[in-house]
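Just below is one structure, and these are the notes that go with it.
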Amino acid sequence: MSHTLFLQTPANFDFKRTVLSHGWCELLPFEFDQEQWTLSTVIRGEKPISVKVRAAEKSLQIELPEQLSPQDQTALLSAVSHIFRFDDDLQEFYDLTRDEPHLAWLGEQNAGRLLRSATVFEDLVKTICTTNCNWALTRIMVTNLVEKLGEAAPGGKKAFPSPQAMAAVPVEFYKAEIRAGYRAAYFRELAERIAGGELQVEDWLTTDLPTPELKKELKKIKGVGDYAAENLLKLLGRYDGLALDSWLRGQFYKKYNDANPCDDKRIRTHYERYGKWRGLVIWCEMTEKWL
DNA sequence: GCGTCCAGGTCTACC
DNA sequence: GGTAGACCTGGACGC
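For the record, in the first sequence the residue sitting at position 240 is 239 according to numbering that gives the first Met the number 0, with numbers rising by one throughout.
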């Protein structure tokens, strides 16, 4: 029997801006329904559970297929808070951008919370899936990972696979079944290191390491270069890096350089004045029209 | 139908 | 530290 929970949202929270903050809502286990304005996903706790989330009065309304134990309910609400970035205090970001006419909308619309996955591991794998390919292939790889390695929740929808599940299949599986190409060995190695306890990527959420040091740690992972590391850092709440990729560069060229290419140094100089918030400023600026 | 290019880059070898 | 070339794949495009 279905069950509904409500989770109070922070004061400066916007459901739609968060859901459409970047492409993650299009990648399984997320499923976005633009007509109903709901975001579904599968949370992998003690056992996978599918949830459907929509905006309600000063809260999120969360539909579940069944009532949970108090312990499981607490864990689920914590996961939803994590996904929707309730912990991210953006007041300083809004104060910084309020007086700039082209950025004042950020605070007015409560923009800037970047949707993230239930775990750092999932965000890490998905980020590697965005490198050196088009968005269609990213979606194919993530869909295959979820459909072929994810554990099913009651109702049949699947969660993102655990490191253990990903460590249990050979490199050839990633090539033939996931269509991961040269990334196959990266995924297998990453999953093995995490499943074996050598690498604790979830600790990156709370580490005291300065951002440059943390970025070095991220780049030790095969398949993670400057773009991927800086993109992940954004999902960890650190916005110092621009995470420049071909799409973001192209948007900058159109907006500020008559659609002509320029070097990255010029882009970095343009955003330098936003300090530790520059990565969030460029992303929000280039995706303003997504909503 | 076929070949080429490129996309939400990174790695390695070499200088 | 900087750079050229290789790397999987699938979709768009030109012919």
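Where a beta carbon is used, it is the ideal one built from N, C-alpha and C, also for glycine.
Exposed unless 16 or more other CB atoms sit within 10 angstroms - verdict on residue i
i, result
"T73", "exposed"
"S20", "buried"
"M0", "exposed"
"Y181", "exposed"
"G149", "buried"
"R265", "exposed"
"F5", "exposed"
"L234", "buried"
Residue i - DSSP class collapsed to helix/strand/coil
i, result
"F5", "strand"
"V141", "helix"
"L198", "coil"
"K57", "coil"
"L297", "This structure cannot settle anything about residue 297, because the visible part of the chain is limited to 0 through 290."
"K157", "strand"
"L63", "strand"
"A151", "strand"
"T12", "In the sequence under discussion, the amino acid at residue 12 is Phe, which differs from the Thr named in the question. It is coil, neither helix nor strand."
"T286", "coil"
"T27", "The sequence given here has Leu at residue 27, not Thr. Note: L27 maps to coil in three-state DSSP."
"S80", "helix"
Residues bridged to residue i (per DSSP)
i, result
"S49", "V41"
"D32", "T37"
Spatially closest choice to residue i from the options, by CA coordinates
i, options, result
"R53", "Y252, P211, D32", "D32"
"K51", "D71, D244, V79, N109", "V79"
"P7", "L76, S58, A167", "According to the sequence displayed, residue 7 carries Gln and not Pro. Of the listed residues, the one whose Cα sits closest to Q7 is S58."
"E176", "E216, T210, N143", "N143"
"L232", "I193, R248, W276, G249", "W276"
Complete alpha helix (DSSP H) runs within the region 164-245 (minimum length 4 residues, chain order): 170-175, 183-194, 210-218, 225-234
Contained alpha helix (DSSP H) runs [length at least 4] in the region 83-134, N- to C-terminal order: 90-96, 104-107, 119-128
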